[in-house]
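Written below as structure tokens is the structure these notes are about.
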Amino acid sequence: KNEVEQSPQNLTAQEGEFITINCSYSVGISALHWLQQHPGGGIVSLFMLSSGKKKHGRLIATINIQEKHSSLHITASHPRDSAVYICAVRGSARQLTFGSGTQLTVLP
Amino acid sequence: DGGITQSPKYLFRKEGQNVTLSCEQNLNHDAMYWYRQDPGQGLRLIYYSQIVNDFQKGDIAEGYSVSREKKESFPLTVTSAQKNPTAFYLCASSIDRGPGEQYFGPGTRLTVT
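Line by line, the protein sequences give chains A and B. Taking this note's numbering, I'd label the letters of the first sequence as residues 28 to 135. Taking this note's numbering, I'd label the letters of the second sequence as residues 68 to 180.
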């Protein structure tokens, strides 16, 4: 079974800062997802990637398959980015295995 | 608007009672999932269904039951056999069980006292 580790668990930043959240996994995967969970609990899918890099607005996700590692970057962070960011991986069993999440707080 | 609805948002029950959580989707997705989220832990899969009238146990199915009589509906029953039922429950769906993304509902917070 894949183990998914996220770091840091908690992150506080000032508005405008560049933010990086990391995700490492133990077994080869077919895809990696980055999700965002807002205080109300609903989850939104941000990215799904299996190689390289994807960008959407101020969000950038990268993955290094050889190193079994992915990063989520937020440029010019804003208080509305405050949320829990969750990494999830899909392995050969086709189930998703989730990390425990990174709580991000961006202060104005 | 297409999406997934879960009701109610908050649910309170006494210990020993069964309770059913609703999940409905109008995305025409074949696959549906139930996850449980506890503080400090990742989401864990309870049950999933790839198609109507079929469902499979996930990692933590004990104390739960599901049905999939209609494509758009996948209700979860938390039975009295579930030892620690208080949690946040999330329903999700995807086009199929392939590598595509899953769409999540808003969740139901169940408190059992």
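Positions of the beta carbon are idealized from the N, C-alpha and C atoms, including for glycine. Remember, predicted model here, so these are calculated numbers, not experimental data.
{"Asked": "What in chain A is Cβ-close to Gln108/B, meaning under 7 Å?", "Found": "Ser127"}
{"Asked": "If I measure Cβ to Cβ from Val71/A and keep anything under 6 Å in the same chain, skipping five residues before and after, which residues do I get?", "Found": "Gln63"}
{"Asked": "In this structure, does DSSP put Asp121/B in helix, strand or coil?", "Found": "strand"}
{"Asked": "Could you list which residues in chain C have their beta carbon closer than 8 Å to that of Val31/A, in chain order?", "Found": "Absent from the structure: chain C. Protein chains present are A and B."}
{"Asked": "Measure from the C-beta of Phe171/B to each C-beta in chain A and report whether the shortest distance is under 8 Å.", "Found": "yes"}
{"Asked": "As an exercise, report each continuous beta strand (DSSP E) stretch of at least 3 residues that is fully enclosed by the segment 60-105 of chain A, in chain order.", "Found": "70-76, 79-83, 86-91 and 96-101"}
{"Asked": "For Arg80/B, name the three-state secondary structure that DSSP assigns.", "Found": "strand"}
{"Asked": "Which residue's Cα is closest to the Cα of Ser140/B: Pro106/B, Arg111/B and Leu94/B?", "Found": "Leu94/B"}
{"Asked": "Assuming Asp110/B contacts Gln104/B under a Cβ cut-off of 8 Å, what Cβ separation, rounded to an integer in Å, is found between them?", "Found": "Residue 110/B is actually Leu in this sequence, not Asp. About 5 Å separates the two Cβ atoms, so the contact holds."}
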